[in-house]
Amino acid sequence: MKSTYSLYTIRRRLMKKNALWIITAVLTAGFLGVMYSFAPAYVCSSYLISSVFMYFISVYISMDLHEKENDVFEEVLLLHTKSDTEYYLSREMLQIRMCLIYALILSFFPVVYSVIRPGYFTRAVTPDDLICGGLMIIFCGICGAETGDFFHPRFIGRKYGVCGAILITVLAVCKEGLIRTFAAFKILDIITPPITDSLVLLGNTDSFDITAILLIVLHMFLFSLAVMLIKVKLLKRFGYRM
Amino acid sequence: MEKLITLDNVSKSYDGKYVLDHITLDLYKAQSIAFTGHNGCGKSTLLKLIAGLIRSSSGKISYHEKIRFGFVPEKFPGMSISMRDYLYSIAEIENVDHSEVDSLVRDFFLESMINTKLNELSKGSLQKVGVIQALIGKRDVILLDEPLSGQDAASQDVFIEKINELRGKGVTVLMSCHERRLIDELTDREYTINNGKLYCKEGGEDYLYKIFVKKNESLTAWPDMTDHGNKRMLQVKSAELKETVLRLYKEGWELTGIEEYI
Chain Z
181 MKSTYSLYTI RRRLMKKNAL WIITAVLTAG FLGVMYSFAP AYVCSSYLIS SVFMYFISVY
241 ISMDLHEKEN DVFEEVLLLH TKSDTEYYLS REMLQIRMCL IYALILSFFP VVYSVIRPGY
301 FTRAVTPDDL ICGGLMIIFC GICGAETGDF FHPRFIGRKY GVCGAILITV LAVCKEGLIR
361 TFAAFKILDI ITPPITDSLV LLGNTDSFDI TAILLIVLHM FLFSLAVMLI KVKLLKRFGY
421 RM
Chain G
28 MEKLITLDNV SKSYDGKYVL DHITLDLYKA QSIAFTGHNG CGKSTLLKLI AGLIRSSSGK
88 ISYHEKIRFG FVPEKFPGMS ISMRDYLYSI AEIENVDHSE VDSLVRDFFL ESMINTKLNE
148 LSKGSLQKVG VIQALIGKRD VILLDEPLSG QDAASQDVFI EKINELRGKG VTVLMSCHER
208 RLIDELTDRE YTINNGKLYC KEGGEDYLYK IFVKKNESLT AWPDMTDHGN KRMLQVKSAE
268 LKETVLRLYK EGWELTGIEE YI
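Line by line, the protein sequences give chains Z and G.
Terminal number for the first sequence in the numbering used here: 422, no gaps in between.
Terminal number for the second sequence in the numbering used here: 289, no gaps in between.
Right, dumping it as structure tokens:
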């Protein structure tokens, strides 16, 4: 665990003055500015739309991070580890850390905003909203990170990787309509992240069904875990490019 | 000698072109080998295949025990992290005290630059960092890819001393380089890579020679002769040298020189 943390520390230090922070901060600020400019707003749909945004931001973060990886630097790091697991875990830790930072901002923003601007939301933001909404945002972020990182340039060209990530995202967003039209598209429930399932479940209500949210979060966790395991297997199989 | 790694008919191709072609090689504990050859012949590729960093296109690489590799890349990348942070983190991963890092940094005359970011270092200093990180921790095999690129004479001496210390401890050293001094002082066997094939210099049988003959329009050039200015050149294995020279004389070719091929 100490080695994994040291590897993660190297990666974290490399990210200190990275332009990625600026781009994602600007995108998040822009999103919050637009999203919370129309009043009154529903609490639950605000959180759920933020969770979808979190997914997009995480895809972008993970694809930017892996594009910036230097093969020689990574090769040297890998050879210092006692096992591949430490190395690959340190990569996951960095991605999840970046996603968590933005997830916390998006989760707490409605709470802070409701204090600054009372009456903005149709009802008070409760701790249950923060927990359910926060979980949705965090796990959508993790789904996005794993989806984006899956299309790693070590085994798929950059162009195809970007197209693949876009395709999976579009299918994830549109799958409800596709499944209603063609039953065969049910497979999309397995191969795409369930980022819009909560929006479908919510319907016209403005309260979280905790059980349903936990099931969706579990689905996201299992999806992310499966994608991560397949990705690591492929990365080990393909090795480095040069 | 204890066998560590076996390469069995290993080939590596990029975009359909073979860089390494059916290489078979056994590597033993405490061996020290130099791989030589022209730029782009596959030396770095061979080292990375041995370390398991890249996958072969065909053939098999077997590791007879768990091996800890150290690797000095040809061009250590300049990243935006300070030398201190990077090397101390590597030391923590290797479970080694920071004092060992401090000692290596002093030995390689980098003390004054320890807080400098890697992407702000000169080429030679950066390469020294590449060497230092490979020396941190316990190693079974150390892979050196043009390790002395851009290094001053004093650092070269330190490097040779450190590598010979490792050899004394039974570490296997595999090196790709062009420098005769390094090959003579650090290795006990030399292989040349040519057209994807591996030729051993020691023992002579598979070693390559270049034969130069004067161009003669009245004689039919052999299919494997190549133009070399006002001469023609032929590459032969040492086992075929005598026979080839006799045949050339019989046909009337005028020999102008024979060279060892590196």
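Beta carbons: idealized from backbone N, C-alpha and C, even for Gly.
Bear in mind the structure is a predicted one, so any value in this text is a computation, not a measurement.
Looking at C-alpha atoms only, which residue of the options is the closest neighbour of residue i?
i	options	result
ALA181 of chain G	G:PHE136, G:LEU261, G:ASN122	G:PHE136
GLY256 of chain G	G:LYS241, G:GLU270, G:LEU34, G:ILE50	G:LYS241
LEU52 of chain G	G:SER149, G:SER38, G:PHE98	G:SER38
HIS91 of chain G	G:ALA161, G:VAL156, G:MET28	G:MET28
GLU121 of chain G	Z:LEU284, Z:SER263, Z:LEU274	Z:SER263
ASP158 of chain G	Z:TYR240, Z:VAL256, Z:ARG191	Looking at the sequence itself, residue 158 of chain G is Val, so the reference to Asp does not match. The candidate whose alpha carbon is nearest that of VAL158 of chain G is Z:VAL256.
ILE281 of chain Z	Z:GLU249, Z:ALA345, Z:MET234, Z:VAL292	Z:MET234
THR385 of chain Z	Z:LEU228, Z:ARG193, Z:PHE218, Z:GLU249	Z:LEU228
SER84 of chain G	G:GLY105, G:ASP48, G:SER109	G:ASP48
SER40 of chain G	G:ARG111, G:ALA118, G:THR72	G:THR72
SER126 of chain G	G:LYS144, G:MET140, G:ILE163, G:SER109	G:ILE163
TYR185 of chain Z	Z:ARG271, Z:ASN198, Z:ALA345, Z:VAL214	Z:ARG271
GLY299 of chain Z	Z:THR349, Z:TYR216, Z:LEU310	Z:TYR216
HIS205 of chain G	G:GLU192, G:LEU235, G:ASP215, G:PRO174	G:PRO174
LYS182 of chain Z	G:GLU217, G:LEU275, G:CYS227, G:GLU119	G:GLU119
ASN66 of chain G	G:ARG274, G:THR219, G:CYS227	G:THR219
Do residue i and residue j have their C-beta atoms within less than 8 Å of each other?
i	j	result
HIS246 of chain Z	PRO333 of chain Z	yes
LYS70 of chain G	LEU31 of chain G	no
GLY279 of chain G	PHE239 of chain G	no
VAL168 of chain G	VAL123 of chain G	no
SER231 of chain Z	MET316 of chain Z	yes
PHE319 of chain Z	VAL397 of chain Z	yes
ASN142 of chain G	SER107 of chain G	no
VAL128 of chain G	LEU148 of chain G	no
PRO290 of chain Z	SER225 of chain Z	no
CYS312 of chain Z	PHE388 of chain Z	yes
ARG350 of chain G	GLY419 of chain Z	The structure shown does not extend to residue 350 of chain G, since chain G is modelled only from 28 through 289, so no value can be given for it.
THR265 of chain Z	LEU187 of chain Z	no
ASP251 of chain Z	ARG421 of chain Z	yes
ASN221 of chain G	CYS68 of chain G	yes
ILE50 of chain G	LEU74 of chain G	no
ARG208 of chain G	SER59 of chain G	no
LEU261 of chain G	ASP251 of chain G	yes
State buried or exposed for residue i, treating a residue as buried only when at least 16 other CB atoms are found within 10 Å of its CB.
i	result
ARG277 of chain Z	exposed
THR391 of chain Z	exposed
ALA221 of chain Z	buried
LEU347 of chain Z	exposed
PHE96 of chain G	buried
PRO307 of chain Z	exposed
ARG259 of chain G	buried
MET408 of chain Z	buried
PRO100 of chain G	buried
ASP42 of chain G	exposed
VAL206 of chain Z	exposed
GLU286 of chain G	exposed
ARG191 of chain Z	buried
GLY328 of chain Z	buried
GLY64 of chain G	buried
LYS413 of chain Z	exposed
Please return the same chain residues whose Cβ sits closer than 7 Å to the Cβ of residue i, not counting the five positions on each side in sequence.
i	result
GLN154 of chain G	PHE103, SER176, GLY177, GLN178
SER116 of chain G	none
ILE190 of chain G	VAL200, LEU213
GLU138 of chain G	VAL132
VAL46 of chain G	LYS39, SER40, GLY69, THR72, GLY223
LEU433 of chain Z	Missing from the structure shown is residue 433 of chain Z; chain Z here goes from 181 to 422 and no further.
Quick one: residues in its chain with C-beta nearer than 6 Å to the C-beta of residue i, no 5 flanking neighbours on either side, listed in chain order?
i	result
SER238 of chain Z	CYS279, GLY321, GLY324, ALA325
GLY79 of chain G	none
ASP134 of chain G	VAL185
LYS150 of chain G	GLY177
MET195 of chain Z	none
MET202 of chain G	ALA61, LEU171
LEU351 of chain Z	LEU368, THR372
GLY314 of chain Z	SER287
Report all residues from its chain with a CB closer than 8 Å to the CB of residue i; omit the five preceding and five following residues, and keep chain order.
i	result
GLY341 of chain Z	MET243, PHE331, HIS332, PRO333
LYS277 of chain G	none
LYS355 of chain Z	PHE365, LEU368, ASP369, THR372, THR376
ASN36 of chain G	HIS49, ILE50, THR51, SER85, GLY86, LYS87
SER378 of chain Z	LEU228, SER231, MET316, ALA392, ILE393, ILE396
So with CB distances below 7 Å, who are the chain C contacts of residue i?
i	result
PHE418 of chain Z	As a matter of chain content, chain C is missing from the structure shown, whose protein chains are Z and G.
Where the region 256-276 of chain Z meets chain G: residues whose CB sits under 9 Å from a CB there:
VAL256, LEU257, LEU258, LEU259, HIS260, THR261, LYS262, GLU266
Would you list, in chain order, the members of the region 113-127 of chain G that have their beta-carbon closer than 9 Å to a beta-carbon of chain Z?
TYR113, TYR115, SER116, ILE117, ALA118, GLU119, ILE120, GLU121, ASN122
Along the region 237-256 of chain Z, where does the CB come closer than 7 Å to a CB of chain G? Name the residues.
Listed in sequence order: ASN250, VAL252, PHE253, GLU255, VAL256.
Taking only beta carbons into account, state which residues of the region 153-180 of chain G come closer than 9 Å to chain Z, listed in chain order.
GLY157, GLN160, ALA161, ILE163, GLY164, LEU170
If the cut-off is 9 Å on Cβ atoms, which residues from the region 386-416 of chain Z count as contacting chain G, listed in chain order?
none
Short of 7 Å Cβ to Cβ, which residues in the region 319-346 of chain Z face chain G?
Those would be none; no residue qualifies.
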